[in-house]
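Accompanying notes for the structure given below.
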Amino acid sequence: MLYEGKAKKVYTTEDPDVLIVSYKDDATAFNGLKKGTIVGKGAINNRMTNFVFKKLEAKGVPTHLVEELNDRETAVKKVEIVPLEVIIRNYSAGSFAKKMGMEEGIMFACPTLEFSYKNDDLGDPFINDYYALALNLATKEEIEAITKYAFLVNEVLIEYFDTLNIDLIDFKIEFGRYHGQIILADEISPDTCRLWDKDTHEKLDKDRFRRDLGGVEDAYEEIFRRLGIQ
Ligand code: TMP
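Below, the structure written as structure tokens:
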């Protein structure tokens with residue numbers, strides 16, 4: 581084992597360019613302050629991420645996906661993670677709604693993009709691209725590639741979730757460096773997206789855990805069911 585994070589374990593393989601990620605059922609929120617288990621989450625997030633990453637690859641977004649090994653484990657390209665959480669928002673929610681004094685669920689005139697500095701000790705503070713450049717977190721070219729891919733991911737996902745009767749409220753993605761290229765890494769799952777049913781506006785994501793709304797496992801299973809992954 582190379583590393584254990586809050587939601588995944590990472591293992592080395594014989595190939596120095598390939599790692600295995602193993603998705604856990606562990607859930608945390610508020611920078612690890614709240615801890616729990618979401619039964620079946622690991623398998624759902626693993627399989628959903630791979631399913632979505634394949635769709636994104638087909639639309640021109642390079643990803644770290646190599647091969648799904650089983651329900652919980654996937655072989656991925658070994659990247660150096662760019663220490664930026666890249667957040668795209670289409671509707672007000674979460675920290676945005678709080679900061680701007682808005683109710684949740686207001687559609688924006690256009691999507692927003694923001695960065696957080698990936699640093700648990702600091703609580704992942706909000707930064708802009710000038711901070712990222714000044715602190716050598718990424719180069720200008722890398723930030724341009726990340727921005728371009730992030731908006732493309734948003735376009736592809738909005739359109740796809742629409743077919744599942746789901747509004748993509750917002751999401752967080754991470755990128756890595758692989759032999760000089762920027763590629764999409766980490767995961768895209770109900771842990772990292774806000775997904776609301778279009779008709780009922782029911783939350784089908786990790787906010788059910790963060791906010792003690794109940795029906796957490798059911799929400800993850802509902803997303804998985806709508807994806808129709810075989
Ligand atoms: P926020 O509204 O709390 O800033 O969250 C924006 C999006 O980012 C939301 O879809 C949840 C996701 N997210 C993560 O994936 N990891 C995190 O640590 C946080 C705070 C948010």
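Going by my numbering, the residue at position 207 of the sequence shown is 787; the numbering climbs one at a time, nothing skipped. Note that the Cβ used here is the ideal one computed from N, Cα and C, for glycine as well.
Exposure label - residue i; buried when at least 16 CB within 10 Å
{"i": "Leu737", "result": "buried"}
{"i": "Val601", "result": "buried"}
{"i": "Met682", "result": "exposed"}
{"i": "Ile661", "result": "exposed"}
{"i": "Cys773", "result": "buried"}
{"i": "Gly633", "result": "A small correction: the amino acid at residue 633 is Phe; Gly does not occupy that position in the sequence shown. Per the 10 Å Cβ criterion, buried."}
{"i": "Pro770", "result": "buried"}
{"i": "Met628", "result": "buried"}
Delimiting residues of the alpha helix (DSSP H) encompassing residue i
{"i": "Gly674", "result": "674-680"}
{"i": "Ala799", "result": "796-807"}
{"i": "Asn670", "result": "It is not in any alpha helix (DSSP H) - Asn670 instead sits in the beta strand (DSSP E) that spans 664-671."}
Heavy atom of the ligand TMP within 7 Å of residue i beta-carbon
{"i": "Ile686", "result": "no"}
{"i": "Thr692", "result": "no"}
{"i": "Thr772", "result": "yes"}
{"i": "Ser672", "result": "no"}
{"i": "Lys704", "result": "The sequence as given places Asp at residue 704; Lys does not occur at that position. Asp704 Cβ: within cutoff of the ligand TMP."}
{"i": "Asp750", "result": "yes"}
{"i": "Ile667", "result": "yes"}
{"i": "Phe695", "result": "no"}
{"i": "Phe789", "result": "no"}
Cβ-Cβ distance between residue i and residue j below 8 Å
{"i": "Leu717", "j": "Tyr697", "result": "yes"}
{"i": "Gly703", "j": "His781", "result": "no"}
{"i": "Val646", "j": "Ala655", "result": "yes"}
{"i": "Phe570", "j": "Ile763", "result": "No answer is possible for residue 570: the residues shown for the chain start at 581 and end at 810."}
{"i": "Ala799", "j": "Lys778", "result": "no"}
{"i": "Asp651", "j": "Asn626", "result": "yes"}
{"i": "Asp606", "j": "Lys586", "result": "yes"}
{"i": "Ile746", "j": "Asn670", "result": "no"}
Nearest neighbour of residue i, chosen from the options [CA to CA]
{"i": "Glu665", "options": "Asp766, Lys635, Arg790", "result": "Asp766"}
{"i": "Val733", "options": "Ile746, Ala689, Phe751, Asn745", "result": "Phe751"}
{"i": "Asn699", "options": "Arg788, Glu637, Leu715", "result": "Leu715"}
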